[in-house]
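Participant: In terms of full-length UniProt numbering, the sequence shown is residues 1 to 255.
Where a beta carbon is used, it is the ideal one built from N, C-alpha and C, also for glycine.
As the structure is a computational prediction, the values presented were derived from the model and not from experiment.
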Amino acid sequence: MPFTFAHPAAILPFRHWFGSSDGALSALVIGSVIPDIPYFFLFLPSADLTHSWLGLFKWCLPLALVVWLFWRWLVVPLLVDALPSFVGQRLRLMPVVWPKSIGAWLLALCAVCLGAATHLLWDGFTHRLGFVVQMFPEMEREVFAWQGYTLTVYRLLQHLSSLVGVSVLLFFCVRWLHSTPPEGSYQPRDFAWLLTVLVALLLMGVIRVCWFSGTFIAEKLLFLNVVWMIRWGLVVALAYVLFWHGRRYWHAAHK
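1. DSSP on T150, reduced to helix/strand/coil?
2. When you compare only the Cα positions, how much space is there between I230 and S101?
3. So what does A27 bridge to, in DSSP terms?
4. Are L25 and R90 closer than 9 Å when you measure CB to CB?
5. Check F40 in the structure and name its three-state DSSP category.
6. DSSP three-state label for F18, please.
7. Might you give, ordered along the chain, the residues of its own chain that have their beta carbon closer than 8 Å to the beta carbon of F86, omitting 5 neighbours on each side?
8. Just the C-alpha distance for T4 and R247, rounded to the nearest angstrom, thanks.
9. Does the Cβ of D48 have 16 or more other Cβ atoms within 10 Å, making it buried, or fewer, making it exposed?
10. Does the Cβ-Cβ distance between S161 and W122 come in under 9 Å?
11. Would DSSP call F131 helix, strand or coil?
12. At the level of alpha carbons, what is the spacing between V168 and L44?
13. Nearest CA to the CA of C60: which residue from A27, H127 and G88?
14. Return the Cβ separation of A116 and L157 in integer angstroms, given the expectation that the two are a contact with Cβ distance under 8 Å.
Have a look at this one:
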């Protein structure tokens with residue numbers, strides 16, 4: 001599959017449709033990655049269900065709304081403690097304002113659906129069971145084979161589109177950093193801890209590669225390792241979110 005976090009590149013052309021609404025923009029981004037969430041949380045429905053047009057409404061929409069509410073309610077308030085200073089000085093973190101009208105909620109729902117639709121369209125060209133791959137047998141034509149790995153047309157598109165998507169997002173972020181002037185002083189309190197956890201996850205992933213290098217072919221090993229790191233990264237992030245809010249409420253109660 002294409003790299004999950006390359007998918008938000010597909011929603012960049014549509015970001016202006018939602019104005020400056022942080023809620024709708026975050027819903028758009030979450031929608032663009034939500035079909036892949038079963039890969040990281042095994043108790044959720046099969047990814048085959050979330051990668052269908054019916055599944056977009058039956059599974060992706062409710063799952064994305066849960067993630068969106070979690071993001072708005074629990075994650076956004078602690079970002080000020082975890083962002084690196086060069087980002088925090090430029091990102092105008094506003095207090096979370098919940099949608100106060102039916103129109104605002106509908107805007108968020110439309111953003112989720114649009115984001116998920118871009119994901120399904122992208123995967124339609126790059127998944128073995130994608131609708132475009134199924135329509136055109138030429139997409140499964142062999143391009144290259146080496147030591148048990150067969151590179152087909154759709155796999156080539158999968159790898160190239162992941163590279164392009166990540167590159168576009170990096171370019172967008174770098175351009176934003178250069179074009180947005182810093183404002184005021186910003187001193188993150190928990191960024192060093194967060195960076196330590198990320199480095200530890202990366203090292204554990206490298207150890208897994210070395211340990212299992214003789215068991216799987218390279219593509220499967222890379223897939224399993226990336227999924228493992230993202231899965232545990234999300235678990236650690238969830239634990240930290242709960243710890244941060246628990247610490248805040250404890251301090252508030254003991255003032």
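Facilitator: Walking through what the data contain:
1. strand
2. 35 Å
3. DSSP, once it has assigned bridges, lists no residue as partnering A27.
4. no
5. coil
6. helix
7. L177 and P182.
8. Going from the Cα of T4 to the Cα of R247 covers about 32 Å.
9. exposed
10. The answer is yes: Cβ separation under 9 Å.
11. helix
12. 30 Å
13. A27
14. The Cβ separation is near 20 Å, so there is no contact.
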